[in-house]
Amino acid sequence: MLSKQAQNALIGWESHGPRIIKASFKTKKEDILMNVIKCYATTNDYNEDVKEQFYDKLQSIVDKCPTKDLTILMGDLNAKVGMNNTGYEDIMGRHGLGEMNEN
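The UniProt record's numbering numbers the first residue of the sequence shown as 1 and each following residue consecutively.
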């Protein structure tokens with residue numbers, strides 16, 4: 001569902017399987033697009049090969065977006081940050097729950 005303004009700005013969208021979609025929109029800057037990439041990451045229950053394939057595909061999609069464009073990546077990355085912020089003190093507080101996972 002898109003607002004009328006977003007519908008008018010939409011240039012196109014691409015499905016990259018059941019977990020990743022990318023939509024491109026015109027912006028007020030004539031030569032700059034906004035690329036929105038939405039993803040739903042695999043959980044830690046998946047084997048390492050499947051998780052690696054997901055992140056490789058996601059990285060490939062991001063890499064194909066021109067650097068002059070605005071690229072927004074959002075989604076459910078199934079990440080748990082936990083409370084141990086050792087080594088991440090500058091970017092992460094100690095307010096998570098449980099333990100950090102590898103996602």
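Positions of the beta carbon are idealized from the N, C-alpha and C atoms, including for glycine.
TODO: May I have the straight-line CA-CA distance separating residue 34 from residue 90, to the nearest angstrom?
DONE: A direct Cα-Cα distance of roughly 29 angstroms separates residue 34 from residue 90.
Open item on the list: By the three-class DSSP mapping on this structure, what secondary structure does residue 79 have?
Closed with: coil
- [ ] Report the rounded CA-to-CA distance for residue 24 versus residue 11, giving the unit in angstroms.
- [x] 6 angstroms
TODO: Could you give the DSSP three-state label for residue 58: helix, strand or coil?
DONE: helix
Open item on the list: Quick check on the DSSP output: the beta strand (DSSP E) that includes residue 23 runs from which residue to which?
Closed with: Its beta strand (DSSP E) spans residues 20-26.
TODO: Please name the residue or residues paired with residue 34 in a DSSP beta bridge.
DONE: 25, 70
Open item on the list: DSSP three-state label for residue 52, please.
Closed with: Reduced to three states, the DSSP call for residue 52 is helix.
- [ ] Starting from residue 9, trace the alpha helix (DSSP H) both ways and give me its first and last residue.
- [x] 4-9
Task: Integer-rounded CB distance, given that residue 82 should sit under 8 angstroms from residue 98 - done: 6 angstroms
TODO: Report the rounded CA-to-CA distance for residue 79 versus residue 61, giving the unit in angstroms.
DONE: 20 angstroms
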